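Protein chains in written order, with this note's numbering: chain A, 2 to 526; chain B, 1338 to 1661.
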Amino acid sequence: MTYSLKSSALVCMTVLLSSTALSAETFRWASTTDPQTMDPHAVNSAPVLSFMNNIYEGLVRRGKDMSIEPSLATSWEPLEGENGWRFTLREGVTFQDGSAFTSEDVMFSYQRASNEAADVRSWFAPVADVRVVDDFTIDFVTTAPNPLFPDSIANFMILDKDWAEGNDAALPARDAENFATMNVNGTGPFTLSSRDPGVRTVLTPHEGWWGEAEHNVTEAVFTPIGNSATGLAALLSGEIDFIQPIPLQDVAQVEERDGFKVLEGEETRVIMFGFGHEHETLLYSDDVTDANPFTDPNVRLAAAHALDIDSINRVLFRGKIQPASQLVPAGISGYSDANSDRPEYNPDRARELLAEAGYPDGFSFGLKCTNDRYINDEALCRAAASMFAAVGLNAELSTGPVRDYWPQLREDDFDMYLLGWSPGTFDMEHPIRFLMHSQDDEKKLGSWNFGNYSNARVDELLPMIQQEIDPAARQALIDEVVAITQEEVAYIPLYTQPLIWAAKDNVDLTQRADNFFLLRWVTVN
Amino acid sequence: MVYFIIKRLIQSVFVMLAVAFLAFSLFRFVGDPITQMTGVETSVADQERLREELGLNDPFITQFVRFTGDMLQGDFGFSYRTRQPVAEMIADRIPATLELGIVALLISLVVGIPAGVYTALRPRGVVSQTILMTTLIGISVPTFVIGIMLIFLFGVQLGWLPTFGRGGTVQIGGWESSFFTVDGWRALILPAITLGVYQLTLTMRLVRAEMMEVMRSDYIRFATARGVPMRRLYLKHALANTMVPVITIIGLQFGGVIAFSIVTESVFQWPGMGLLFLESIRFVDIPVMGVYLVVIAFFFVLVNLIVDMLYVAIDPRLRVKDAA
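Here it is, written out as structure tokens:
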């Protein structure tokens, strides 16, 4: 950048008509949200974890296809004689400041990440004890058999003990910021070279990284761009190389231009409708005020039969969604092949079911939706409301921003609601734990089961699923849960949301199903 | 004069308190900061503990008194979202907003005043009519539409100017300025036009109306009869007398430009206070929202004060009154 004094904008215009060519390996990208912090333990949110995975690493990591692979641990096996896992650590790994990585750093990071000040501490709920065996061996002892423990800590990132303690960052910042909020020292492929929160964050390769670099990026510049039209303009004008995500309606615009491409994939997020299973009466009904028809599984099934997913797909999503039968998409571990049918679109059957349930003329109720959380969420709910109305279910729709949506759901202020769920562990156990087990604050179960769907057998099956080592036996247990919840229409799973990114043609990158973007897979040609 | 300024500054403290009070009474309806701060896997108990720690369970009045008490002691608190000190976050963003506002104001004055004078003097000319027609767009089209149109024309189609951000900036003391680099100016042009176009139209129409009014007054006719040169007549006698109302409106509008640069900043991803405020709303970052609104209230008071002082400079009659 040349710094010369120019006072007249007109002079500048003429000078700058020729835009500066970017050097091939500087990679510029944008996303809608800035990571709030550079501390990998402070906030358990996708923008932060995705970004920090470029800088810090865990014991295990996820590959391009989401499979678990070795990272800072080279191997792991179940402990003998007790519940838990032994991790053998990689030797010769150095942090970005040059200090060596050992089991002490893992121990320290565990203590830091499981502290009350850390938002990621829920990952360590099953852990009873952690023991350093030697410099490169560490044991995680769990309270019960936990076959999925290694998978569940793929985003548990390791900090350097001496660096964190030496800079008064032994705990994640709770009130005021600390050193680790703005500075990093990881073992990962990239390190932070400058940070201006909300404006610009620059990463450069970590020369001493243990892995073989697959990328050819020498500098990566991240800019958050909140307004999607501005983000699209920035891509089309060539100022950025890649943006995640772009709105569905902009896909055609990008596709018809030379030099740009749209990357489409399926996110693991399933969009669904939930019910107030526990409510005794409807809150927003004009005609049924003394009962809650949704407590009847047949009424819930009627609602499911009323929805025409194929039309929704064609009209609202340009054919880019996958109809869902259960709370995880096919391909995720624990997906129940035995229960892959979803209630078909059958308005006549829906009317019949309503009549059998004692509501031949239908009834009215309140439907709550977000308008800024999921792709086309408001449009989806409008379409669904008109489909419900066609069978006599008159939904009174109210939509709002997500920032006051969750509190409303927590206060039971709904008859039916919209929810999207992405299984954090990429296993069916995750939605069973959060959405299907009855609410139990003590055991921290069912915390997103707003309608408090409750089935004693499901509650009984969850711990069995969590502890079952044999994959076939485990799948049978999961199949049973999925069968029960489908039978009872605990939720109406609608579809899995598409992932839509856009990039310049000369950029190769990997779109992972968890919507994480990793620089180590980027090549700029 | 000094008494006048001190009186105004004391008044400003009350204005800011009132704004803070209103803001705090509304924050409860913005949403829940805790669900925005924590991940989905965070247990309800952990969320409750955090809510307690941040004092969000306290009654509204307690929260308000704590906020103002801390502010009066110079403690602006920490952002819920980034954990940074709020004073630092806002101070970092002030230069971007002020520079954008000042350039937008300059554009509106440099173009608006001459155009207003011209259209007043030749009300039926083709050029005047064209100017009036085109500036109608400036008033009737929403800011974000103008911004997006400019971006797609000059940024995407022609590729002349950047579509987002501040471009190259230089640190001067604690002030991050766009004024000293070519890149900085390039980045400034489109947002400044977008932000200034409404102001420009307003200025032009105001100058035109005032000018036409003044041109009909007796002293102008006498001056014309006396043979005062036209140029001198227009610029010294007529224009000077139109400036008092124009300055009032422009001055008051400048406060608005700073406050409502939110839309322009969002469209151009301009890293000013407005953009920070928008991000803060999304995350229900109450400390940042509170301080931002108080700072904006202070700007309004300050701008009004400057406007009052400019009157005195422009209108000699006020000076006499002041002396008496």
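Using N, Cα and C, we set each Cβ at its ideal position, and we do this for glycine too.
Treat the numbers as computed from the prediction; the structure is a model and nothing was measured.
Rounded C-alpha distance that separates residue i from residue j
i, j, result
"A/Ala384", "A/Tyr418", "14 Å"
"B/Thr1585", "B/Val1594", "14 Å"
"A/Met14", "B/Trp1497", "Per-residue confidence for A/Met14 stands at a pLDDT of 37, beneath the threshold of 50, marking its modelled position as unreliable; the derived number appears in the next sentence. If you take the alpha carbons of A/Met14 and B/Trp1497, they lie about 8 Å apart."
"B/Pro1499", "B/Ile1509", "23 Å"
"A/Glu268", "A/Ala331", "11 Å"
"B/Arg1503", "A/Leu50", "27 Å"
"A/Ala22", "A/Arg521", "Note that A/Ala22 scores a pLDDT of 38, beneath 50, so its modelled location is shaky; the value from the coordinates is reported in the next line. Going by the C-alpha atoms only, they are around 24 Å apart."
"B/Leu1525", "A/Ile322", "41 Å"
"A/Thr219", "A/Phe191", "10 Å"
"A/Gly447", "A/His431", "10 Å"
"B/Tyr1455", "B/Arg1545", "8 Å"
"A/Ala477", "A/Asn377", "35 Å"
"A/Arg398", "A/Ile466", "Sequence inspection shows Leu at residue 398 of chain A; the Arg mentioned does not correspond to that position. Going from the Cα of A/Leu398 to the Cα of A/Ile466 covers about 37 Å."
"A/Ser8", "A/Gly187", "Only weak support is given to the placement of A/Ser8: the predicted model assigns it a pLDDT of 38, under 50, and the value that follows is read from those uncertain coordinates. Rounded to whole angstroms, A/Ser8 to A/Gly187 spans 44 Å at the Cα level."
"B/Phe1635", "B/Leu1409", "14 Å"
"A/Asn168", "A/Tyr285", "54 Å"
"A/Met53", "B/Val1440", "38 Å"
"A/Asp506", "A/Leu317", "27 Å"
"A/Trp422", "B/Phe1481", "33 Å"
"A/Asp176", "A/Gly189", "27 Å"
"A/Ser312", "A/Pro324", "11 Å"
"B/Thr1632", "B/Val1448", "Inspection of the sequence shows that residue 1632 of chain B is occupied by Val rather than by Thr. When rounded, the distance between both Cα atoms is 30 Å."
"A/Ala74", "A/Asp161", "15 Å"
"A/Asp342", "A/Leu328", "12 Å"
"A/Trp86", "A/Gly425", "20 Å"
Short Cβ contact (7 Å threshold) for residue i with residue j
i, j, result
"A/Trp30", "A/Pro246", "no"
"A/Ala235", "A/Ile241", "yes"
"A/Glu139", "A/Gly335", "It is worth fixing the name first, because residue 139 of chain A is Ile in this sequence and not Glu. No, these two residues do not count as a Cβ contact at 7 Å."
"A/Thr231", "B/Gln1348", "no"
"A/Leu436", "A/Asn450", "yes"
"B/Val1423", "B/Gly1414", "yes"
"A/Leu354", "A/Leu302", "yes"
"B/Gly1521", "B/Gly1533", "no"
"A/Pro348", "A/Ala396", "no"
"A/His306", "A/Pro344", "yes"
"B/Leu1570", "B/Ala1577", "no"
"B/Gln1384", "B/Ile1398", "no"
"A/Asn340", "A/Ala484", "yes"
"A/Leu283", "A/Phe366", "yes"
"A/Phe137", "A/Leu60", "no"
"B/Thr1405", "B/Ala1357", "yes"
"B/Thr1540", "B/Ser1445", "yes"
Min CB distance residue i to chain B below 7 Å
i, result
"A/Lys262", "no"
"A/Asn516", "no"
"A/Lys1", "The shown model of chain A, from 2 to 526, leaves out residue 1 of chain A, and the question about it has no answer."
"A/Ser123", "yes"
"A/Asp120", "yes"
"A/Arg404", "yes"
"A/Glu178", "yes"
beta-carbon residue i near the ligand PLP non-hydrogen atom, thresh 6 Å
i, result
"B/Ile1439", "Of ligands this structure carries none, so the ligand PLP is not represented either."
CB contact check: residue i to chain A, cutoff 7 Å
i, result
"B/Ser1362", "no"
"B/Gln1606", "yes"
"B/Ile1485", "yes"
"B/Phe1341", "no"
"B/Gly1627", "no"
"B/Glu1378", "yes"
"B/Val1621", "yes"
When the Cβ atoms of the segment 1621-1634 of chain B are set against those of the segment 1362-1372 of chain B, are three or more pairs found closer than 8 Å?
-> With contact defined as three or more Cβ pairs closer than 8 Å, the segment 1621-1634 of chain B and the segment 1362-1372 of chain B are in contact.
Please go through the segment 305-351 of chain A and give each complete beta strand (DSSP E) segment of 3 or more residues, from N-terminal end onward.
-> The qualifying runs do not exist here; there are none.
Touch test, the segment 116-129 of chain A against the segment 178-188 of chain A, Cβ-Cβ under 8 Å, three pairs minimum = Verdict: no, contact absent.
Decide if the segment 203-221 of chain A is in contact with the segment 75-86 of chain A; the criterion is three or more beta carbon pairs, one per stretch, under 8 Å apart.
-> A contact is defined here as three or more CB-CB pairs under 8 Å, and the segment 203-221 of chain A fails this definition with respect to the segment 75-86 of chain A.
The segment 507-522 of chain A / the segment 283-302 of chain A touching (three or more Cβ pairs under 8 Å) = They do not touch, by the three-pair rule.
Ranges of the alpha helix (DSSP H) found wholly within the segment 1479-1566 of chain B, counting only runs of at least 4 | For the segment 1479-1566 of chain B, whole alpha helix (DSSP H) runs of length 4 or above, ordered along the chain, are 1480-1487, 1519-1552 and 1555-1563.
Please go through the segment 429-508 of chain A and give each complete alpha helix (DSSP H) segment of 4 or more residues, from N-terminal end onward.
-> Fully contained in the segment 429-508 of chain A are the following alpha helix (DSSP H) runs of length 4 or more, in chain order: 457-468 and 472-488.
Touching by the beta-carbon criterion (3+ pairs, under 8 Å), the segment 1598-1614 of chain B and the segment 1426-1442 of chain B = Yes, they touch.
Is it a yes or a no for the segment 269-277 of chain A touching the segment 479-494 of chain A, going by three-plus beta-carbon pairs under 8 Å?
-> Under the 8 Å Cβ criterion, the segment 269-277 of chain A counts as touching the segment 479-494 of chain A, having at least three qualifying pairs.
For the segment 97-117 of chain A against the segment 126-135 of chain A, are there 3 or more C-beta pairs whose distance is under 8 Å?
-> Between the segment 97-117 of chain A and the segment 126-135 of chain A, the count of Cβ pairs shorter than 8 Å is three or higher; the stretches touch.
At 3 residues or longer, and completely inside the segment 17-95 of chain A: list those beta strand (DSSP E) runs for me, N to C.
-> Runs found: 27-32, 61-63, 69-71, 74-79 and 85-90.
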